[in-house]
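Student: Got a structure for you, questions after.
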């Protein structure tokens, strides 16, 4: 997956926005103000921090050693750093980004979640 494809994927979700609160190189993708992905799209190798269910996070780290690791500068129980261009199937990366978005949406107040469901 290329940096452009990763950016397009993150922005494809309902109400997703890109922000640069830390520096001009670090893209933070948010849904209604809550972060679901963080990456430097110009970095090599390309990595992205994604929210993950704690049990799944540990399992994924074991199954993809070196490619999925505890989230760099994040709560390591809830975040993984995923090496996007390191041999993981694009399908898996897409699923992990979608799971991160879904976890963040699930934590939003009910009224905000309902706003996302409207066409």
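Numbering (our numbering), first residue to last: 19 to 137.
We treat Cβ as the ideally placed atom computed from N, Cα and C, and that holds for glycine.
Express the C-alpha separation of residue 133 and residue 94 in angstroms, rounding to a whole number.
Tutor: When rounded, the distance between both Cα atoms is 30 Å.
Student: From this set, 59, 62, 30, 40, which residue's C-alpha is nearest residue 49's C-alpha?
Tutor: When only C-alpha atoms are compared, the closest one is 30.
Student: Around the Cβ of residue 118, are there at least 16 other Cβ atoms within 10 angstroms (buried) or fewer (exposed)?
Tutor: Buried, since its Cβ has 16 or more Cβ neighbours within 10 Å.
Student: Apart from the five residues on each side of it in sequence, which residues of its chain come closer than 8 Å, Cβ to Cβ, to residue 38?
Tutor: So the qualifying residues of the chain are 44, 45, 46.
Student: In the stretch 47-110, which residue ranges form an unbroken alpha helix (DSSP H) of at least 4 residues, counting only runs that do not cross its ends?
Tutor: For the stretch 47-110, whole alpha helix (DSSP H) runs of length 4 or above, ordered along the chain, are 72-81.
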